[in-house]
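Student: Residues in the first sequence are numbered from 1 upward in steps of one, following the UniProt record's numbering.
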Amino acid sequence: MHTPMAFLDTLLNKCASLGHIKQFQAQLVTLGLFQFCTSRTKLLELCAISPFGSLDYAGEIFSRIESPTTNDWNAIIRGLAQSNEPREAITCYRTMSQIPQKPDALTCSFTLKACARMLALLEAKQIHSQLIRFGFQADVLLQTTLLDVYAKSGDLDNAQQLFDEMQLRDIATWNVLIAGLAQGSRPYDALVLFHQMRRERLRPNEVTVLGALSACSQLGSLHEGKMVHLYVQEEQMDTNVQVCNALIDMFAKCGSIDKACDVFYTMRCQKSLVSWNTMIMALALHGHGAHALDLFACMRDAGVHPDAVTYLAALCACNHSGLVSDGLQLFQSMVESGVRPNVKHYGSLVDLLGRAGRLEEAYQVITSLPMVPDVVLWQSLLGACKTYGNVELAERASRALVEMGSNSCGDFVLLSNVYASQARWTDVGKIRDAMKNRDVKKIPGFSFIEVEGVIHKFLNGDKNHSKWREIYSKLDEIGLRIKAHGYVPETCFVLHDIGEEDKEQALYYHSEKLAVAFGLISMRCGTPIQVIKNLRICGDCHVVIKLISKIYDREIIVRDRARFHRFKEGFCSCGDYW
DNA sequence: TTAGGGTTAG
């Protein structure tokens with residue numbers, strides 16, 4: 001014998017379309033139960049959050065409730081938090097604070113989720129203080145949600161503090177902080193936490209591993225990455241497609257394109273679109289353009305449809321390998337296949353045209369863009385103008401950059417280099433003055449190198465390393481040897497108001513050179529030296545490292561912001577294009 | 001009754 005309520009619940013469980021939801025609502029109204037029974041709240045929730053529901057219709061149901069309960073509000077807020085308009089969830093939460101039905105821990109949880117999606121730190125802090133007032137703070141799930149908002153919004157100090165203060169943590173709590181640190185600016189701390197977790201005999205799961213791998217990728221730490229890989233194999237997590245994708249990305253970004261290929265080709269699970277995208281991007285990063293285009297063709301044969309990321313990766317591969325006509329064709333086929341190019345795709349197109357010396361066409365692309373151009377497009381054009389010595393177009397690009405409010409050091413240096421290449425020294429001087437007057441933003445360059453599992457970091461002109469004297473004397477030795485090979489410092493890469501000799505000094509001690517010198521003195525002969533730089537590699541360093549690879553017969557790999565440079569026997573895998 | 005953590009570009 002069923003009670004009427006149990007009967008309603010059974011019926012509700014069978015709802016699988018908006019039509020069913022409407023029929024159910026009509027039943028409730030007919031039976032006179034709509035205003036009073038809990039089934040109404042369940043119905044509302046179903047309508048607000050299930051894929052076949054409708055948030056708009058949920059709003060309509062909600063508006064017919066005479067006095068909505070906290071649970072009714074929760075259903076709506078939960079729906080809004082996962083919608084395209086998460087801000088509405090916060091608005092709703094505020095409205096709710098003014099009525100008799102007070103928010104509960106769940107209301108806060110859903111609203112915080114909305115904050116996390118919007119990176120709304122301020123709003124999250126307000127809710128945090130209310131949580132303390134309401135006495136909800138002991139709840140692990142809620143605390144973890146809160147921790148997640150702080151971490152995602154970049155307030156890592158608060159996230160860390162919250163974590164330290166928590167009485168009770170579970171695996172999700174650790175995962176949130178690890179992922180937050182990894183995606184924020186503290187990948188090293190993420191790995192420390194990962195190891196601490198293992199020491200405390202907690203068992204990292206797939207989510208933990210994804211965070212740890214992301215940290216390894218950023219640090220370029222092959223040593224750490226291999227350890228995580230080992231753990232993945234031990235725990236048989238390599239059947240998880242996301243873990244495999246993260247492994248591909250990690251190996252590629254840590255310089256080991258062969259291992260990345262291994263993982264890709266021997267995956268035990270079904271490859272996803274992301275697997276293909278990651279692998280194509282990995283090959284692009286290493287300048288293996290032809291292989292990347294092969295894969296692009298293979299994925300279509302495998303019935304996987306390329307998306308905007310795939311096209312970007314493939315275009316990037318063409319760019320980095322100098323496959324200009326392939327790239328232009330690819331862009332065309334993208335438009336034809338209905339994938340709408342975004343500003344990044346146009347950026348690649350400008351790069352391709354610029355690289356081919358088709359500067360006017362590149363300029364036309366930017367000026368006829370169906371969207372607002374970003375600074376990167378103009379910067380690409382400016383770079384191409386430098387390569388081809390086109391002063392007039394370089395000035396136009398610079399003007400555009402200034403109008404867009406760009407105040408980056410690199411832009412000024414590029415224009416100055418264009419002038420310098422034409423021996424227009426008065427103009428070079430003007431740029432220098434402009435830079436002085438404008439308080440130009442300069443992102444400090446730094447480089448990492450991993451030696452025997454320890455990561456060493458160098459800034460330009462850094463003397464903080466315990467072996468700095470040996471490093472500097474190695475650089476002096478390098479300086480002498482490369483000059484004997486005909487090296488002339490390209491001081492146009494420096495733009496300070498200093499004399500030529502000082503300029504040479506400024507170049508000598510660039511962070512990537514310090515890291516390479518440290519590698520030479522501390523790593524066994526024959527071991528490749530691998531360095532990671534946060535910015536693009538400097539032109540002079542590129543010349544110097546090519547020479548070092550030849551004179552010292554050493555393979556040197558530099559990962560910069562854009563790609564890998566593999567120096568061997570005096571040549572670089574980028575073919576001097578970057 | 002209902003909650004938290006996840007891979008590619010940028």
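Note that CB positions come from ideal geometry on N, CA and C, so glycine has one too.
Note that the coordinates shown come from a computational prediction; the quantities given were computed from them, not determined experimentally.
Nearest by alpha-carbon distance to S221: which of G453, L459, K386 is it?
Tutor: Ranking G453, L459, K386 by Cα distance to S221 puts G453 first.
Student: Is it buried or exposed for H305, if we count other Cβ within 10 angstroms and need 16 for buried?
Tutor: By the neighbour-count rule (16 or more Cβ atoms within 10 Å), H305 is not buried but exposed.
Student: Under the rule that 16 or more other beta-carbon atoms within 10 Å means buried, what is H496, buried or exposed?
Tutor: In this prediction, H496 has a pLDDT of 49, which is less than 50 and means its spatial position is unreliable; what the coordinates show is noted afterwards. By the neighbour-count rule (16 or more Cβ atoms within 10 Å), H496 is not buried but exposed.
Student: Ignoring anything shorter than 4 residues, give me the alpha helix (DSSP H) runs that lie fully in the UniProt domain "DYW" (486 to 578), in order along the chain.
Tutor: List check, alpha helix (DSSP H) in window: 500 to 508, 511 to 522, 539 to 551.
Student: Alpha carbons only, please: which of L112, H320, T70 is nearest the one belonging to E88?
Tutor: For the residues L112, H320, T70, the minimum Cα distance to E88 belongs to L112.
Student: By alpha-carbon positions, which one of A308, F296, Q379 ends up nearest to D326?
Tutor: Among A308, F296, Q379, the Cα nearest to that of D326 belongs to F296.
Student: Nearest to D307 by alpha carbon, out of I471, L283, W276?
Tutor: Residue W276 is the option with its Cα nearest to D307.
Student: Start and end of the beta strand (DSSP E) containing L459?
Tutor: 454 to 459 is the extent of the beta strand (DSSP E) around L459.
Student: Helix, strand or coil for V451, going by three-state DSSP, please let me know.
Tutor: If DSSP states are grouped into helix, strand and coil, V451 belongs with the strands.
Student: So R133 packs on F110, CB below 8 Å; how close in whole Å?
Tutor: Actually they do not touch by this definition, with Cβ atoms about 18 Å apart.
Student: Roughly how far, in whole angstroms, is the beta-carbon of T70 from the beta-carbon of K102, given that I think they are within contact range, below 8 Å?
Tutor: The pair is a contact, with the Cβ atoms about 7 Å apart (cut-off 8 Å).
Student: Between L349 and V375, is the Cβ-Cβ spacing less than 7 Å?
Tutor: Going by C-beta atoms, L349 is not nearer than 7 Å to V375.
Student: Can you tell which of D249, V243, V516, L219 has the C-alpha that lies nearest to the C-alpha of I455?
Tutor: Answer by Cα proximity: L219.
Student: For the structure I just gave you, are there three or more beta carbon pairs, one from the stretch 472 to 480 and one from the stretch 420 to 434, closer than 8 Å?
Tutor: Judged by Cβ distances under 8 Å, the stretch 472 to 480 makes no contact with the stretch 420 to 434, as fewer than three pairs qualify.
Student: Tell me whether E123 is buried or exposed, calling it buried when 16 or more other Cβ atoms sit within 10 Å of its Cβ.
Tutor: Result: buried.
Student: Are there 16 or more other CB atoms within 10 angstroms of the CB of M1, so buried, or fewer, so exposed?
Tutor: Only weak support is given to the placement of M1: the predicted model assigns it a pLDDT of 44, under 50, and the value that follows is read from those uncertain coordinates. Classification for M1: exposed.
Student: For the structure I just gave you, are there three or more beta carbon pairs, one from the stretch 455 to 464 and one from the stretch 430 to 443, closer than 8 Å?
Tutor: The answer is no - the stretch 430 to 443 does not touch the stretch 455 to 464, with fewer than three Cβ pairs under 8 Å.
Student: Would you be able to state if there are at least three C-beta pairs under 8 Å between the stretch 482 to 489 and the stretch 198 to 217?
Tutor: Output reads no: the stretch 482 to 489 does not touch the stretch 198 to 217.
Student: Determine the contact status of G287 and C574, defining contact as a CB-CB distance below 7 Å.
Tutor: Yes, they are a contact pair.
Student: When you compare the CB positions of D238 and T278, do they come within less than 7 Å of one another, or not?
Tutor: In this structure, T278 does not lie closer than 7 Å to D238 by Cβ.
Student: Mark V488 as exposed unless 16 or more other C-beta atoms lie within 10 angstroms of its C-beta, in which case mark it buried.
Tutor: Its Cβ having fewer than 16 others within 10 Å, V488 is exposed.
Student: Just to confirm, are L377 and A394 a CB contact at a threshold of 7 Å?
Tutor: Result no, Cβ atoms of L377 and A394 do not sit closer than 7 Å.
Student: Measuring only the C-alpha atoms, how far is Y419 from L381?
Tutor: Approximately 15 Å, taken between the alpha carbons.
Student: Please go through the same chain and pick out, in chain order, the residues whose beta-carbon is closer than 6 Å to the beta-carbon of G357, but skip the five residues on each side of it.
Tutor: The residues are Y388.
Student: Compare the beta carbon distance of D56 and I65 with 7 Å and say whether it is the shorter of the two.
Tutor: No, Cβ-Cβ distance for D56 and I65 is not below 7 Å.
Student: With a threshold of 8 Å on Cβ separation, who are the neighbours of L162 within its own chain once the five nearest residues in sequence on each side are excluded?
Tutor: Q143, L146, L147, Y150, listed in sequence order.
Student: For a test of the three-state rule: what should DSSP assign to S256, helix, strand or coil?
Tutor: Here S256 sits in coil by DSSP.
Student: Once you ignore the five residues that flank S256 on each side, which residues in its own chain have a CB closer than 7 Å to its CB?
Tutor: If we look at S256 and ignore the five residues flanking it on each side, its Cβ neighbours are L222.
Student: Whole angstroms are fine: how far does the CA of K546 sit from the CA of E569?
Tutor: Their backbone Cα atoms lie some 7 Å apart in a straight line.
Student: Tell me the residue span of the alpha helix (DSSP H) that contains K125.
Tutor: Residues 121 to 134.
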